[in-house]
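A.B. asks:
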Amino acid sequence: MQGDRTLARDIRGEIEKQVGEQAAVSVGEGIARLSGRCSSHDTAVQAGFLAAGFDRIREVVNDLVFPGKMRFKPRRRISEELTGKEFDVVIVGGGVIGLAVARELSQFDLSIALFERHNDLGMDQTSHSCAMIHPAIQAEYGTLRWEMNYRGNAMWDETARQLDVDFRRVGTLIVAETQEEEKLLPYVLDMAAKHNDPEPKLLDREGLDRVEPGLVPHVTKGVLIWNTGIISVFELVIAYAENALSNGVSIFLDTSVLGIHTEDSAVRAVDTDRGTVRARILINAAGLYADRIAEYAGDRFFTIHPRKGETIIFDKSYQPVRTVFAPVSMAAESRESKHSKGGGIIPTTDGNLQFGPTAFEVCDREDVATTAEGCDSLYTRFAPLLERLKPEYEKPDRGKIITQFAGCRAATYKEDFIIEPSRKVRGLVHAAGIQSPGLASAPAIAERIREIARDEWLPSPNEDFDPVRKRQVRLAELQLDDQDKLIRDDQLYGHIVCRCEDTSEAEVVRALHGPLAARSVDGVKRRTRAGQGRCQGGFCMPRIVEIISREMDTARHHVVKSDGRSYILSKRTK
Amino acid sequence: MEADVAVIGSGPAGLTAAIHARRSGASRVVLLEREEELGGILKQCIHNGFGLEQFKQDYTGPEYAERLINELQHTDVQCLLNTLVTDLSPDRIITTLSPQHGALQIKARSIVLAMGCRERTRGSIGIPGTRPAGIFAAGVAQRFVNIDGYLPGRQAVILGSGDIGLIMARRLTLEGASVIGVYEIMSYPGGLKRNIVQCLNDFGIPLHLSHTVTDIRGRERVEAVVVSRVDDALNPVPGSQQVIQCDTLLLSVGLIPENELSRKAGIELSPDTGGPLTRETMETSVPGVFACGNVSTVFDLVDYVAQTGEAAGRCAARYAAGDLHQSRQPVDIVAGQNVRLLFPQRYGFQDDLVLFIRAAEPVENPVTVEVKPPGSKITRPYARPNEMLRVKVPMSKLTEIRQPIRVSIREK
Chain C
3 MQGDRTLARD IRGEIEKQVG EQAAVSVGEG IARLSGRCSS HDTAVQAGFL
53 AAGFDRIREV VNDLVFPGKM RFKPRRRISE ELTGKEFDVV IVGGGVIGLA
103 VARELSQFDL SIALFERHND LGMDQTSHSC AMIHPAIQAE YGTLRWEMNY
153 RGNAMWDETA RQLDVDFRRV GTLIVAETQE EEKLLPYVLD MAAKHNDPEP
203 KLLDREGLDR VEPGLVPHVT KGVLIWNTGI ISVFELVIAY AENALSNGVS
253 IFLDTSVLGI HTEDSAVRAV DTDRGTVRAR ILINAAGLYA DRIAEYAGDR
303 FFTIHPRKGE TIIFDKSYQP VRTVFAPVSM AAESRESKHS KGGGIIPTTD
353 GNLQFGPTAF EVCDREDVAT TAEGCDSLYT RFAPLLERLK PEYEKPDRGK
403 IITQFAGCRA ATYKEDFIIE PSRKVRGLVH AAGIQSPGLA SAPAIAERIR
453 EIARDEWLPS PNEDFDPVRK RQVRLAELQL DDQDKLIRDD QLYGHIVCRC
503 EDTSEAEVVR ALHGPLAARS VDGVKRRTRA GQGRCQGGFC MPRIVEIISR
553 EMDTARHHVV KSDGRSYILS KRTK
Chain A
16 MEADVAVIGS GPAGLTAAIH ARRSGASRVV LLEREEELGG ILKQCIHNGF
66 GLEQFKQDYT GPEYAERLIN ELQHTDVQCL LNTLVTDLSP DRIITTLSPQ
116 HGALQIKARS IVLAMGCRER TRGSIGIPGT RPAGIFAAGV AQRFVNIDGY
166 LPGRQAVILG SGDIGLIMAR RLTLEGASVI GVYEIMSYPG GLKRNIVQCL
216 NDFGIPLHLS HTVTDIRGRE RVEAVVVSRV DDALNPVPGS QQVIQCDTLL
266 LSVGLIPENE LSRKAGIELS PDTGGPLTRE TMETSVPGVF ACGNVSTVFD
316 LVDYVAQTGE AAGRCAARYA AGDLHQSRQP VDIVAGQNVR LLFPQRYGFQ
366 DDLVLFIRAA EPVENPVTVE VKPPGSKITR PYARPNEMLR VKVPMSKLTE
416 IRQPIRVSIR EK
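Going line by line, the protein sequences match chains C and A.
Under this note's numbering, the residues of the first sequence are numbered 3 to 576, in order.
Under this note's numbering, the residues of the second sequence are numbered 16 to 427, in order.
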C-alpha cells in the first residue's frame, strides 16, 4: 500500500533524525518492522519507541542488530513424556497471568494444561514485582493497561477472599509539603477520579494522622487514593495454582515450549522440551518471551524489550509507613514519564518496607543482576524523604536493608497490553506485553480471556467449579493456645526451622510434597517464608537443605538453590 | 512454669551464666536452647584456641563446650532443648515453642539473655550482582563443613577478614578447596593476629587490605566475583576492578548482636554495640533482665564471653534472691578519645568494673588507657580495633564517683 510505504519512510526519517541510525523500516497491517544495524542497544530501543510513536502503528517488531545483542538459545528436547497427550487448551507461562487465566478457564468444561519453563511458578515478573495492586491513576488514560488496571483493582477483595491470600488496601497517600504544592492536590484528585479510582479523598491534617501518623507538622494536606493494595504475591501464585489444580487444570513445570504446529492457520499442537502435545487453543501468557511464542505460531507482530527494575527490602524492624507514600512533587515527576518506571515507598503484607523498582532498559531478558547504581538511586531518592517527612521514626539505615533483587518487565514498544485473539492464527490468544500493573490487572485480564474463550469456542460450563481455596495453617499466624494445640497434634510444628519468620519444620515438609511441591531452597522460601527474614537463611539454610534432602530422598549436594544446576554444596568432605 | 533464673541460649555465655546462677544459690535455674544440643556455635568451631585464659588450656570449641556442659550436668539446672523463645515481656514472662512442651510460658524472677549474634548478610552490605548459589556467610559454610560434612565449593574468595572468615580459609584449604584470597575493605584486618598468622600466612593465602567485592557473576552458581580497591572513604577506585573466577564467595563482614527478643521486652539498646545498655552487673535497662556474651557486644575471645556470663549468672541469682539492691543512680560510662565502643556502658555501684574497650583507630605505639574518674591508667604496647582492651577497676575506687566515667586511649 502506498500509505504504508510513506509511513515507513517517515519512520525511517524520524529514526535518522532523532538517533542518527539508518534503519530499514517496513509497515504492513499497522505493524512497523525495523531491521538493519545500529550502534548500540540504547539507540535500537529508542528507534523502537520512535516507530511506536506514530499513531497508525499498532505495534513494533524490532530486529535492529547492535553490538552485544543477546542470541536466544532454545532448550533442547530432553524427553517424549508428554507426546501423545491432548488438551483443549494450552497456557504458556506460569506467572500470575497464566495462572489467573488457568483458574478462570477452569470454569469451563475444557481440558487445560499450563506449561512453565522454570521449576517453580511465578519466577519472572510476578516474583520480581513489588506486590502492589496499583491504583489506575498511574496508567495512561484510555489504554488497555488502564482499563485492565481499574477493572482488576476492583476485583481483588473478592479474589483474595476466595483464594485466602493476605491482601490489604493500604492506599496511596500523596502529600503536599508547601502551599505551592497544595495547589496541585485538586489536580491529583481530578486525575484519580478521571482514571476511575473510586472516591479519592482530600485529607486535612486530622485525616492524614488517621492514615499515616507521625508526619512532619508542616504537612497539612494530602490526597488518599484508598484503593491501592498490597498482596502476598508468593502466596497468591500458589493459591491460584492450587485452585486451578483442584478445578482440573494440569500444571507442567520445567517445561519449555519450543514450537507451535498450525494447520490451515489454526493451532494444532505444541512442541515442548518434554514432547509434543495436541491442543486447539493456545493462550500466550509467556511474559518476557511472549513475542517468541507469537513467532512460533507465525504471528510475530510485536517485540518485547526488557526493562529492568531493582528493589531493596528492609528489615521488619523498620516500618516507617503504612501507605504507599509519595510527596506530590515526586508523584508529578513520575506521571510525566509514559513508560512504567519510577518506583516508590511501598509496604508489604509481611511488614518489610520496599524502595523500588527502578526502570532501566536492558538487552538481556534474563538480566536479574542488581547494581550499585540502582541501589544507590533508590536509597538516595527515598531515604532522605522519609527522614524529612517522618522525623519521629527511626532514621533509615542502609544496614537495615536485608536484600536487593531485580527483574525485567516484559514491555512492548507501544507500552500497552495485548489481550486479543490472534488476527492470523485461529485458536491463539495473546495475553502479551503484560508488565506493570500486570499484578493489579490479573483478574481482569483473566476475565477478558474467559470472555474471548466463551465467544470463540462456546464451551459448556464446568459444573464442579469451585473458586474457593483455603490456605494451609501457619504457626506464626496463630495465637498461643492454637499454636499449643497444633504442636500437640503434630510435634513437627514445635520444631522451628527459621527463627526470623518462625517457620516450623512441619510447614517446610508440607511445602515439599503435593502437586506443587517446592524443588529448591528458594521454592521452600517462597512457600514458607523460611529464609526471607533478617538473617537471609544464615540460620535455616543448612536445616532446609537437610530437610529437602530427606524429603526428596536426594543427596544434600544435589539440593539446588533455585533452577538448573544451582547446587548449594559441591561434595562430601574427605 | 516458674523459675528463679531463666537463661536464654546455651553457648559459652549461657552455659557459664547457668552454672554460676546455680552456684550463687538460685535454686530453680532453667536453660533454654533452640537446638537439640547444648553448646551454641562452639559445636561447629572445631579449631583450637578456646579457654586459654579461663582454663589455661588450649581447647577446641567442642572440647570447651564439653567442659562447661559436664560442669552443668553436675547441677540440677533444667535444660529445655529444641526450645525457641518467641517472646519476652518486660515483666519477665518468656514464651517458648518446642515439640515436647508445645507453647510454654515461663515466669522467671530474673532472666539472662545469651542469644549470641548473627552474621551480617550480603543484603546489609549491598554487594550488587546476580543472586546465584555459592554465596555463604562464613559461619554457615563452617556449619556445612564441620557439622553436616559437606564442602560448599571448590574455589573460594573470602570477603572480610573477621575471625570466622580466617578460620574458614584454613578449613576449606584443609578440605581440598582452593582459597584464592581474603579481601578486606578496611586498611587493617578484622580478625585476631594469631588467626592471620595461623590461617592465612601458614597456608600462603593472600590478604588484600583496602579491597572489596563490587560485583557477583553467574546465573545458577557463582562463576566469578569482581574485586576493587577502595579509597580512604571506602569507595571503589574506578579502574581497579579485577575479575576473579571462583564458585564460592564467603562473607565474613561482621557480626550483629541478636536482640530481637530484647526489643520485644523494651530493653534499651546501644547504637554502638547493637546490644543492651548494660551495667557492671550485666543488668539491662529492664530490671531483672541481664545480658552477657555476644548478645551484648561482639567479643574477640570466648574467655571474655565466659567472664560476662559468670557475672550475669551471679548477679541474676542475687536479683532473684532479692539481694541486688539498687541504692544509687548508675553513672554513664562514655567513649572518649579513640574509643569506638565499650562495655558495660553504665556503672551501678554493685561490683568491680571490668571494662571491655574497642579502639576506633589502630595505634602501633604504646598507649595509655585511661578511665576517669577515678583516673585509673594502664599501658599497652599497642591498640588495634581487632583486639579488645580490658581494664579492671575495683569497686573501692569507684564509690565516690558522681559524674560520668570517660574512657580514652592515647598514644604514650
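All residues carry an ideal CB built from backbone N, CA and C; glycine is no exception.
(1) State the DSSP-derived secondary structure class of C/Leu186, mapped to helix, strand or coil.
(2) Run through the region 342-425 of chain A for me and flag every whole beta strand (DSSP E) of 3 or more residues, listed as ranges in chain order.
(3) Please report whether the beta-carbon of C/Arg512 lies at a distance below 8 Å from any beta-carbon of chain A.
(4) Which residue wins for smallest C-alpha separation from C/Arg119, given the options C/Val167, C/Ile315 and C/Arg276?
(5) Where in the region 266-346 of chain C do unbroken runs of the alpha helix (DSSP H), each at least 4 residues long, occur, reported from the N-terminal end onward?
(6) Checking the sheet assignment: what are the DSSP bridge partners for A/His223?
(7) Run through chain C and tell me which residues come within less than 8 Å of A/Ser428, C-beta to C-beta.
(8) Take the Cβ of C/Ser129 as the centre, count every other Cβ of all protein chains shown within 10 Å, and call the residue buried at 16 or more, exposed below.
(9) What residues from chain C crowd round A/Asp160, counting only those whose CB sits closer than 8 Å?
(10) So the beta strand (DSSP E) A/Ala336 belongs to, where does it begin and stop?
(11) If you follow the beta strand (DSSP E) that C/Gly409 is in, where does it begin and where does it stop?
(12) Leaving out five residues on either side along the sequence, give the residues of the same chain with a beta carbon under 8 Å from the beta carbon of A/Glu376.
(13) Can you find at least 3 beta carbon pairs, one from the region 66-80 of chain A and one from the region 311-330 of chain A, that sit closer than 8 Å?
(14) Would you please verify whether the beta carbon of C/Leu175 is less than 8 Å from any beta carbon of chain A?
(15) So, is A/Gln418 buried or exposed, given that buried needs 16 or more other C-beta atoms within 10 angstroms?
(16) According to a CB-to-CB cut-off of less than 9 Å, which residues of the region 123-145 of chain A neighbour chain C?
(17) Along chain A, in chain order, which residues have C-beta atoms closer than 8 Å to that of C/Pro544?
(18) Going by CA-CA distance only, name the one from A/Arg37, A/Thr323 and A/Ile173 that's closest to A/Arg333.
(19) Per the contact definition of three or more C-beta pairs closer than 8 Å, is the region 404-421 of chain A in contact with the region 370-387 of chain A?
(20) Could you list which residues in chain B have their beta carbon closer than 8 Å to that of A/Leu187, in chain order?
(21) Considering Cα atoms alone, identify which of C/Ala178, C/Phe254 and C/Arg78 is closest to C/Ser331.
(22) For the region 120-139 of chain A against the region 257-276 of chain A, do three or more pairs of beta-carbon atoms, one drawn from each stretch, fall closer than 8 Å, so that the two count as touching?
(23) Could you tell me which residues DSSP puts in a beta bridge with A/Gln256?
(24) When the distance is taken between beta carbons, is A/Ser176 closer than 8 Å to A/Pro221?
(25) Using a Cβ-Cβ cut-off of 7 Å (strictly less than) and excluding sequence neighbours within five positions of C/Arg400, which residues of its own chain qualify?
(26) Please check if any C-beta of chain A sits within less than 8 Å of the C-beta of C/Cys537.
(27) Taking contact to mean 3 or more Cβ pairs, one atom from each stretch, closer than 8 Å, check whether the region 360-372 of chain C and the region 131-138 of chain C are in contact.
(28) Pairs of beta-carbons, one from the region 517-536 of chain C and one from the region 544-551 of chain C, closer than 8 Å: are there three or more?
(29) Can you find a CB in chain C that lies within less than 8 Å of the CB of A/Arg278?
(30) Alpha carbon to alpha carbon, what distance is there between C/Lys71 and C/Asp301?
(31) Under three-state DSSP, which class holds C/Lys576?
(32) Do you know whose CA, among A/Asp19, A/Val378, A/Cys261 and A/Glu295, lies nearest A/Met403's CA?
(33) In whole angstroms, what is the alpha-carbon distance linking C/Ser379 and C/Gln406?
(34) Suppose the cutoff is 6 Å on Cβ atoms and the five residues either side in sequence are ignored; what does the same chain contact list for C/Lys343 look like?
(35) Measuring alpha carbon to alpha carbon, tell me which of A/Arg169, A/Gly29 and A/Glu298 ends up nearest C/Lys576.
(36) What distance in whole Å lies between the Cβ atoms of C/Val103 and C/Ile454, which are believed to be in contact at a cut-off of 8 Å?
C.D. replies: Inspection of the coordinates gives the following:
(1) Looking up residue 186 of chain C in the first sequence gives position 184. DSSP places C/Leu186 in coil when its eight states are reduced to three.
(2) 346-350, 354-358, 368-374, 382-387, 391-395 and 404-408
(3) Along the first sequence, one-based indexing puts residue 512 of chain C at 510. Not one chain A Cβ lies under 8 Å of C/Arg512.
(4) If you number the first sequence from 1, residue 119 of chain C lands on position 117. The option with the nearest alpha carbon to C/Arg119 is C/Arg276.
(5) 292-298 and 330-337
(6) Here residue 223 of chain A refers to the residue found at position 208 when the second sequence is read from its first residue. BP columns for A/His223 point to A/Tyr198.
(7) Absent from the model: residue 428 of chain A. The displayed extent of chain A is 16 to 427, so no value can be given.
(8) By one-based count along the first sequence, residue 129 of chain C stands at place 127. That one is buried.
(9) Taking the first residue of the second sequence as position 1, residue 160 of chain A is located at position 145. Correcting the residue identity first, residue 160 of chain A is Val in this sequence and not Asp. Neighbours of A/Val160 on chain C, chain order: Thr575.
(10) As a first step, residue 336 of chain A is located in the second sequence; it is residue number 321 there, counting from the start. Run containing A/Ala336: none; DSSP gives neither H nor E here.
(11) Here residue 409 of chain C refers to the residue found at position 407 of the first sequence. Segment Ile403 to Ala413, the beta strand (DSSP E) holding C/Gly409.
(12) Residue mapping note: residue 376 of chain A aligns to position 361 of the second sequence, counting from 1. Here the set comprises Asn353 and Pro400.
(13) yes
(14) Sequence index remark: in the first sequence, residue 175 of chain C carries index 173 (1-based). Not an interface residue.
(15) Locating residue 418 of chain A in the second sequence gives position 403, where the first residue counts as 1. Exposed: under 16 other Cβ atoms inside 10 Å.
(16) Arg133, Glu134, Arg135, Thr136, Arg137, Gly138, Ser139, Ile140, Gly141, Ile142, Pro143, Gly144 and Thr145
(17) If you number the first sequence from 1, residue 544 of chain C lands on position 542. Val155, Arg158, Phe159, Ile162 and Asp163, listed in chain order.
(18) Here residue 333 of chain A refers to the residue found at position 318 when the second sequence is read from its first residue. Ranking A/Arg37, A/Thr323 and A/Ile173 by Cα distance to A/Arg333 puts A/Arg37 first.
(19) yes
(20) This model lacks chain B altogether; the protein chains it does include are C and A.
(21) Locating residue 331 of chain C in the first sequence gives position 329, counting from the first residue. Of the listed residues, the one whose Cα sits closest to C/Ser331 is C/Ala178.
(22) yes
(23) Reading the second sequence from its first residue, position 241 is the one you call residue 256 of chain A. Answer is none; A/Gln256 lacks a bridge partner.
(24) Looking up residue 221 of chain A in the second sequence gives position 206. Looking up residue 176 of chain A in the second sequence gives position 161. No, they are not a contact pair.
(25) Position 398 of the first sequence, counted from the start, is the residue given in the question as residue 400 of chain C. Only Tyr381 meet the Cβ criterion.
(26) Start at 1 with the first residue of the first sequence, and residue 537 of chain C comes out as number 535. With 8 Å as the cut-off, C/Cys537 counts as an interface residue toward chain A.
(27) no
(28) yes
(29) Within the second sequence, residue 278 of chain A is the residue found at index 263, counting from 1. True, the Cβ-Cβ gap to chain C drops below 8 Å.
(30) Counted from its first residue, the first sequence places residue 301 of chain C at position 299. Counted from its first residue, the first sequence places residue 71 of chain C at position 69. Each residue's Cα considered, the two are about 23 Å apart.
(31) Reading the first sequence from its first residue, position 574 is the one you call residue 576 of chain C. C/Lys576: coil per DSSP, three-state reduction.
(32) Taking the first residue of the second sequence as position 1, residue 403 of chain A is located at position 388. Comparing Cα positions, the closest option is A/Val378.
(33) For the purposes of this step, residue 379 of chain C is taken as residue 377 along the first sequence, with counting starting at 1. For the purposes of this step, residue 406 of chain C is taken as residue 404 along the first sequence, with counting starting at 1. Going from the Cα of C/Ser379 to the Cα of C/Gln406 covers about 13 Å.
(34) In the first sequence, the residue the question calls residue 343 of chain C occupies position 341. Interpretation of C/Lys343 is limited by its pLDDT of 48, a score under 50 that renders its predicted location unreliable; the figure taken from the coordinates is listed afterwards. Around C/Lys343: Ala361.
(35) On the first sequence, position 574 is the one that residue 576 of chain C refers to. Nearest of A/Arg169, A/Gly29 and A/Glu298 to C/Lys576, Cα basis: A/Arg169.
(36) For the purposes of this step, residue 454 of chain C is identified with residue 452 of the first sequence, where counting begins at 1. For the purposes of this step, residue 103 of chain C is identified with residue 101 of the first sequence, where counting begins at 1. C/Ile454 to C/Val103, Cβ: 10 Å. No contact.
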